[in-house]
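Which chain is which? The protein sequence lines are A and B, in order. For what it's worth, the numbering used here labels the leading residue of the first sequence as 1, then goes sequentially. For what it's worth, the numbering used here labels the leading residue of the second sequence as 1, then goes sequentially. Note that beta-carbon positions come from the ideal geometry of N, C-alpha and C, so glycine has one too.
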Amino acid sequence: KNEVEQSPQNLTAQEGEFITINCSYSVGISALHWLQQHPGGGIVSLFMLSSGKKKHGRLIATINIQEKHSSLHITASHPRDSAVYICAVRYMDGGSQGNLIFGKGTKLSVKP
Amino acid sequence: GAGVSQTPSNKVTEKGKYVELRCDPISGHTALYWYRQSLGQGPEFLIYFQGTGAADDSGLPNDRFFAVRPEGSVSTLKIQRTERGDSAVYLCASSPSGNSYNEQFFGPGTRLTVL
């Protein structure tokens with residue numbers, strides 16, 4: 001079964017801390033997404049990557065294709081970063097090209 | 001420009017009733033996806049449209065669920081004989097095409113509560 005595992009499930013940090021959220025998947029993928037979901041349900045795409053590393057502001061996403069692992073880092077965390085961060089992948093399984101398979105999310109709370 | 005919109009934002013219905021959930025994708029996006037997110041879980045795939053046709057409906061849980069996209073833009077997710085277990089946030093996303101490397105843009109979701 002194709003699965004996406006995220007860790008930790010919950011994370012509490014103090015403002016200013018460096019944060020890492022991890023994502024592991026089981027078979028070859030064509031793309032991996034990091035998404036942010038705020039209370040109320042709206043989902044925003046942060047990154048889409050298939051190799052290497054991407055950076056946007058204080059957010060950095062890396063992926064290691066050989067190890068089937070990705071990390072999302074937040075530098076100098078701020079209370080407004082509090083949200084659920086979701087990892088999602090598209091598998092290269094020859095089936096549907098369309099759908100994403102999601103992890104259960106990591107709930108981040110940054111305290112002032 | 002306008003993003004993906006979904007209506008209604010909230011829907012409360014009684015067990016056994018029929019509901020329709022609407023998704024307006026970003027103009028020009030040919031690919032449209034429906035996902036369902038239960039409390040405390042990540043979203044789960046329901047159905048994917050490429051244009052007017054359902055390219056993959058393998059995520060629909062049973063035959064009470066059906067979706068259409070007759071003109072290749074707006075899509076409606078239809079749920080017959082609703083059950084309490086159908087309560088969830090239903091998310092719609094669109095992308096320029098079904099290419100694996102296209103980003104998906106998500107709507108705000110419709111929160112369905114079945115009493």
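Keeping to the same chain, check which residues put their C-beta closer than 8 angstroms to that of B/S13; ignore five residues upstream and five downstream.
Correcting the residue type first, residue 13 of chain B is Thr in the shown sequence and not Ser. Excluding residues within five positions, the ones whose Cβ falls inside 8 angstroms are V19, T82, L112, T113, V114, L115.
Report the neighbours of A/N99 on chain B: residues whose CB is nearer than 7 angstroms to its CB, in chain order.
Y33, F45, Y48, D56, G59
Kindly list, in the order they appear in chain B, the residues whose Cβ is closer than 7 angstroms to that of A/G105.
G42
Contact list for the stretch 43-67 of chain A against chain B, Cβ threshold 8 angstroms:
I43, V44, S45, M48, S50
Bridge-paired residues (DSSP) for A/V44:
A/Q36
Assumed close pair A/A13, A/W34 - CB separation to whole angstroms, cut-off 8 angstroms:
Not quite, the Cβ-Cβ distance comes to about 17 angstroms (not below 8 angstroms), so this is no contact.
Helix, strand or coil for A/G52 per DSSP?
strand
Exposed unless 16 or more other CB atoms sit within 10 angstroms - verdict on B/Q80
exposed
With 9 angstroms as the threshold, decide whether the Cβ of A/H33 is near any Cβ in chain B.
yes
Using a Cβ cut-off of 7 angstroms, pull out every chain A residue sitting near B/L91, in sequence order please.
I43
Residues that A/I19 contacts on chain B, provided the C-beta gap is smaller than 7 angstroms
Those do not exist, as A/I19 stays about 19 angstroms from chain B at its closest Cβ, beyond 7 angstroms.
What three-state label does DSSP hand B/R36 in the structure shown?
strand
Given the structure, does B/G107 come close to the ligand HEM, in the sense that its CB is under 8 angstroms from one of the ligand's heavy atoms?
Among the components modelled here there is no ligand, and therefore nothing to report on the ligand HEM.
Within 10 angstroms of its Cβ, does B/G16 collect 16 or more other Cβ (buried), or is it exposed?
exposed
Got a sec: is the Cβ-Cβ distance from A/V27 to anything in chain B below 9 angstroms?
no
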